[in-house]
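Just below is one structure, and these are the notes that go with it.
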Amino acid sequence: MSAIQELNDPNKTCILLPAPEHPIGTMPSLSLNSLHLPPVPGDLPGGYDLRLNSYKRAWKTCLDRMQTVIRDIHAPVVSAVSTSVRTAYAQSHTLPGLPYTELPVVVVSAPGGNHTIISDVVHAIDGPIDDSFGADTLSGKGKERAREDDGDDDLLVHGSRVASGDVMAHVHSADCPNLMSAMKTIITGFVDCQPDDADKHRVDLPPAVKRKPTASLASYDMNLLEAWYTALLEQRGSGTLNFLADFCSRHTASIDAMLTILQVAHLKHFEEPLTVLVHDGTLGGSSEDGRTLLSQPSSFDFLDTLLTRVWSELTPDVPTEGDDSRATRLIDNNGPSIETLLQVVEDARSRCHQRAVRMRLGYQLIKIISRFMQEQGYKTLLPGPELEFMSAAVQGRARDANSLVMAVKKLSHSQLEALLSDLYRFFYNLQSHQLRHQEAGARDFITQTRSRLYRDREDRMEGQINTAGSVASDVGEWLRSYLEKRMARLDDGLLWELWNTGATPFPSEIINPAPRMAVINALLHPYDVINAHKDFFGADAATGVSDELIDGNASHKVPLWALPDTSILFRRYMEAGKMINVYDWFESFGMVLDSQRRSRSLRQRTSGGSPQKRGRKDGEDASEEEMDEEEEEKWKSEVQARFIRALHELDYMGFIKHTGRKADHVLRTIYDILD
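The numbering of the sequence shown is UniProt numbering, which starts it at 1 and goes up by one.
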């Protein structure tokens, strides 16, 4: 349908006026495969795709971990809600003597927004009675079922039958503008429940009634005030933790915001070419394919960057750890070959992982002792909020635990025995068999100390000297030594920046953009935005602007008539007062377009005319600039259409406000614009 036909269509509320260069239906489609990304120094051939695959793999691991944490946080609430719903009308929960059965209400509310808990509750109520909230709620089949539930209009709007045969209706805020609509939605939801095959012959259930699907699930602001950030040590980077702590304290502590921040941190981290080696040295394929790719001449810059980074961290002038001596021997004995470099990277990856695991053990130990002290009536021993302490732990600034050690040394016999029991339970329940083997020394010390406490208790019963104070002192010194070894810096060691986001500043401008200033800057300097668009998408990308107006210069040097129509109208907008006369605004806009038309006509005559015509002055060829009456009418119509289109764009962006009194005047909405 053409634009003129759409104007005559009363059902059309919005009409697209395409640019002359690209009519309707001919706009080229842009995809990631068509992007012309600027080359990164020292990158591999096809390095962008390889790093993107590495990012997807790392982000999937982080997302799975966060979904597990969210599932554990939601489990008590979801179980309580589903149990309350299932037993709402049980005989034991109904008060006798009431004329009508009460309507139980369960409210789950918190700041921020999170729709995951709604899907969990729906799945728990719809699912089997003996598995109201299983382990697959947020992963695997549970997540697929939640997505299917979200997309099923009949289930979400009308209702469903749970496993026990009860009828359940879903009511949303959009369905309840008033009391009558709310009652209609509830009743319709119960009536329109589709019976299962096993329930079709039951006479106690209403028959199914076909009806038209209506609205979809509305968004709910439901979140939990729980310590969901306990798993943030998976993101090893203090900059990300600092920004996350600041964002949660200033704005919202929702799970959606946390996931977005972590995903942006992953994306920013994988801009570095060397991050293609985060997971392994196969570059996403087999070991042979990885070595073949690295053997190509186009990969020499990448190998040179990697070798330079390794040598710069293994210089004799800088004292290195004992773990890095093996990397030095490998390079000295075998030479800087591809196999040697990959082996060095593999060793560095293993050491970085071990350092992170040790740090997490030390951090969990501090948390256990701090929680125990709070239960015993002591004040918190953490130096500040938990997120700030977590950031300090990642940076290695939490190894000085003097307050923790002093508090442990002051514990009584019974308190010390209870603390050692908690510590032994922690080390005994470690999931990794290798980790349990590595921490065998800690378990042996705790076992021996508990035996000393048991003997000391027997000695006290016999009237001998009490040695509980010396035992507590030994536990405190062991704790100090243990934390000093475990709470090491993560931004230390060979090639640490490959597995740590601390070397990259967090792109906070992506999370907290300035849309107002960005829109104003794009209107004032449109060609800066267009040139950036062409640099990113390639020179063949469509911008809707003629290339003859883009000379590569800055927008500040471009004449007013060479700007797009919306920018021209916005420049006149800046020169106006508080109230703008639309007719005067149109006249000033038309004068600029007249200058644009004359400039284009002069350029066409200069490029396509004879040498005699190109040598004439503007006044000598004034007769050729004159248009007949029909062309003049077409030009006026074009000016009016372009003005209306630019005016509607400014109105859509919120730059003008209708007065309500004067039909030919509009009000400005922004002032004091700095050019």
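All residues carry an ideal CB built from backbone N, CA and C; glycine is no exception.
For S295 and R309, I'd like the C-alpha separation in whole angstroms.
One-based indexing of the sequence shown puts residue 295 at position 295. One-based indexing of the sequence shown puts residue 309 at position 309. Their backbone Cα atoms lie some 19 Å apart in a straight line.
Consult DSSP for K662 and reduce its assignment to one of helix, strand or coil.
Taking the first residue of the sequence shown as 1, we reach residue 662 at position 662. Note: K662 maps to coil in three-state DSSP.
Leaving aside the five residues before and after G660 along the sequence, list all residues of the same chain whose C-beta is less than 8 Å from its C-beta, in chain order.
For the purposes of this step, residue 660 is taken as residue 660 along the sequence shown, with counting starting at 1. Counting only Cβ-Cβ distances below 8 Å, and skipping sequence neighbours, we find nothing.
Could you give the DSSP three-state label for V157: helix, strand or coil?
For the purposes of this step, residue 157 is identified with residue 157 of the sequence shown, where counting begins at 1. Annotation note: pLDDT 38 at V157 (below 50); position unreliable, no value reported.
Tell me which same chain residues have a C-beta within less than 6 Å of the C-beta of L305, skipping the five on either side of it?
Position 305 of the sequence shown, counted from the start, is the residue given in the question as residue 305. Looking at the sequence provided, one finds Thr at residue 305 rather than Leu. Closer than 6 Å at the Cβ level, and outside the excluded window around T305, lie G42.
Round the Cβ separation of V519 and I580 to the nearest angstrom and send it over; I've been treating them as touching at under 8 Å.
Numbered from its first residue, the sequence shown carries residue 519 at position 519. Numbered from its first residue, the sequence shown carries residue 580 at position 580. Not quite, the Cβ-Cβ distance comes to about 19 Å (not below 8 Å), so this is no contact.
Kindly list the residues whose CB is nearer than 7 Å to the CB of D130, restricted to its own chain and excluding five residues on each side of it in sequence; keep chain order.
Start at 1 with the first residue of the sequence shown, and residue 130 comes out as number 130. Low per-residue confidence applies at D130: pLDDT is 45, beneath 50, and the placement is therefore not dependable enough to give any value.
Helix, strand or coil for R489, going by three-state DSSP, please let me know.
On the sequence shown, position 489 is the one that residue 489 refers to. Coil, per DSSP.
Where Y428 sits in the DSSP three-state scheme
One-based indexing of the sequence shown puts residue 428 at position 428. The answer is helix: DSSP assigns Y428 an H, G or I state.
What distance in whole Å lies between the Cβ atoms of I338 and L303, which are believed to be in contact at a cut-off of 8 Å?
Walking along the sequence shown from the start, residue 303 turns up at place 303. Walking along the sequence shown from the start, residue 338 turns up at place 338. Going by Cβ atoms, the distance from L303 to I338 rounds to 7 Å, so yes, they are a contact pair.
Apart from the five residues just before and just after E649, which ones in its own chain have a Cβ nearer than 6 Å to its Cβ?
Walking along the sequence shown from the start, residue 649 turns up at place 649. Within the same chain, and ignoring the five residues on either side of E649 in sequence, the residues whose Cβ sits closer than 6 Å to its Cβ are T566.
Straight-line gap, C352 to L307 (C-alpha atoms, nearest Å)
Locating residue 352 in the sequence shown gives position 352, where the first residue counts as 1. Locating residue 307 in the sequence shown gives position 307, where the first residue counts as 1. So the alpha carbons of these two residues sit roughly 18 Å apart.
With distances taken Cα to Cα, identify the nearest neighbour of A174 among M168, V167, K184.
In the sequence shown, the residue the question calls residue 174 occupies position 174. If we check each option's Cα against that of A174, K184 comes out closest.
Pull up the CB-CB distance for L293 and R486, whole angstroms please, since I reckon it's below 8 Å.
As a working mapping, residue 293 is identified with position 293 in the sequence shown. As a working mapping, residue 486 is identified with position 486 in the sequence shown. Not really, about 38 Å apart at Cβ, beyond 8 Å.
Residues near F445 by beta carbon distance below 7 Å, same chain, minus five either side:
Looking up residue 445 in the sequence shown gives position 445. These residues qualify, in order along the chain: W478.
Exposed or buried, Y573, counting other C-beta atoms within 10 Å across all chains shown (16 or more means buried)?
Position 573 of the sequence shown, counted from the start, is the residue given in the question as residue 573. Burial is judged here by how many other beta carbons sit within 10 angstroms of a residue's own beta carbon; Y573 has at least 16 and is buried.
Report the three-state DSSP secondary structure of K379 (helix, strand or coil).
The sequence position of residue 379 within the sequence shown is 379, counting from 1. If DSSP states are grouped into helix, strand and coil, K379 belongs with coil.
Buried or exposed for residue 676, going by 16 or more other Cβ atoms inside 10 Å?
Nothing about residue 676 can be read from this structure; the chain reaches only from 1 to 675.
For L44 and E375, the rounded distance between their alpha carbons:
Locating residue 375 in the sequence shown gives position 375, where the first residue counts as 1. Locating residue 44 in the sequence shown gives position 44, where the first residue counts as 1. So the alpha carbons of these two residues sit roughly 55 Å apart.
Quick one, are the C-beta atoms of A124 and V78 less than 8 Å apart?
Residue numbering aside, residue 124 sits at position 124 when the sequence shown is read from its first letter. Residue numbering aside, residue 78 sits at position 78 when the sequence shown is read from its first letter. In contact: A124 and V78 (Cβ atoms closer than 8 Å).
Flag this pair as yes or no: are the beta carbons of S54 and V278 separated by less than 8 Å?
What you label residue 54 is simply residue 54 of the sequence shown in a count that begins at 1. What you label residue 278 is simply residue 278 of the sequence shown in a count that begins at 1. Against a cut-off of 8 Å, the Cβ pair of V278 and S54 comes out as a contact.
Quick check: what's the CA-CA separation for G654 versus D594?
The residue given as residue 654 occupies position 654 in the sequence shown. The residue given as residue 594 occupies position 594 in the sequence shown. Straight-line measurement puts the Cα of D594 at about 28 Å from the Cα of G654.
Nearest to S312 (by Cα), restricted to the options E509, H170, K367, G493
Within the sequence shown, residue 312 is the residue found at index 312, counting from 1. Per the Cα distances, G493.
Locate the beta strand (DSSP E) running through I580, then write down its first and last residues.
Taking the sequence shown and counting its residues from 1, the one referred to as residue 580 is at position 580. I580 -> beta strand (DSSP E) spans 579-581.
Could you tell me the alpha carbon to alpha carbon distance between A169 and L179, rounded to whole angstroms?
Counting from 1 along the sequence shown, the entry for residue 169 is found at position 169. Counting from 1 along the sequence shown, the entry for residue 179 is found at position 179. Going by the C-alpha atoms only, they are around 16 Å apart.
Our contact map puts L411 next to L419 with C-beta atoms below 8 Å; I'd like the distance itself, whole angstroms only.
Walking along the sequence shown from the start, residue 411 turns up at place 411. Walking along the sequence shown from the start, residue 419 turns up at place 419. Yes, L411 and L419 are in contact; Cβ-Cβ is about 6 Å, under 8 Å.
Cα-Cα separation, S299 to R291
As a working mapping, residue 299 is identified with position 299 in the sequence shown. As a working mapping, residue 291 is identified with position 291 in the sequence shown. So the alpha carbons of these two residues sit roughly 10 Å apart.
Between K657 and the rest of its own chain, which residues show a CB-CB distance below 6 Å, the 5 nearest in sequence each way excluded?
If you number the sequence shown from 1, residue 657 lands on position 657. The residues are L667, T669.
Could you spell out where the alpha helix (DSSP H) holding T118 opens and where it closes?
Numbered from its first residue, the sequence shown carries residue 118 at position 118. According to the sequence provided, residue 118 is Ile. The question's Thr does not apply to it. First-last of the alpha helix (DSSP H) with I118: 116-126.
V276 and G47: beta carbons closer than 8 Å?
Numbered from 1 along the sequence shown, position 276 holds the residue referred to as residue 276. Numbered from 1 along the sequence shown, position 47 holds the residue referred to as residue 47. In this structure, G47 lies closer than 8 Å to V276 by Cβ.
In chain order, what residues of the same chain have a beta carbon less than 6 Å from the beta carbon of N242, not counting five sequence neighbours either side?
For this step, residue 242 is matched to residue 242 along the sequence shown. Within the same chain, Cβ atoms closer than 6 Å to the Cβ of N242 are found at S391, the five residues on either side in sequence being excluded.
N-terminal and C-terminal residue of the alpha helix (DSSP H) that A75 is part of
Sequence index remark: in the sequence shown, residue 75 carries index 75 (1-based). Where A75 is concerned, the enclosing alpha helix (DSSP H) stretches over 47-86.
Does DSSP put L483 in a helix, a strand or coil?
Against the sequence shown, residue 483 aligns to sequence position 483. Note: L483 maps to helix in three-state DSSP.
Could you tell me the alpha carbon to alpha carbon distance between I530 and M517, rounded to whole angstroms?
Taking the sequence shown and counting its residues from 1, the one referred to as residue 530 is at position 530. Taking the sequence shown and counting its residues from 1, the one referred to as residue 517 is at position 517. If you take the alpha carbons of I530 and M517, they lie about 17 Å apart.
State the DSSP-derived secondary structure class of W228, mapped to helix, strand or coil.
What you label residue 228 is simply residue 228 of the sequence shown in a count that begins at 1. Its pLDDT being 32, under 50, W228 is placed unreliably by the model, and the measurement read from it follows with that caveat. Three-state result, W228: helix.
Starting from G290, follow the alpha helix (DSSP H) in both directions and report where the run begins and ends.
As a working mapping, residue 290 is identified with position 290 in the sequence shown. Where G290 is concerned, the enclosing alpha helix (DSSP H) starts and stops at 287-294.
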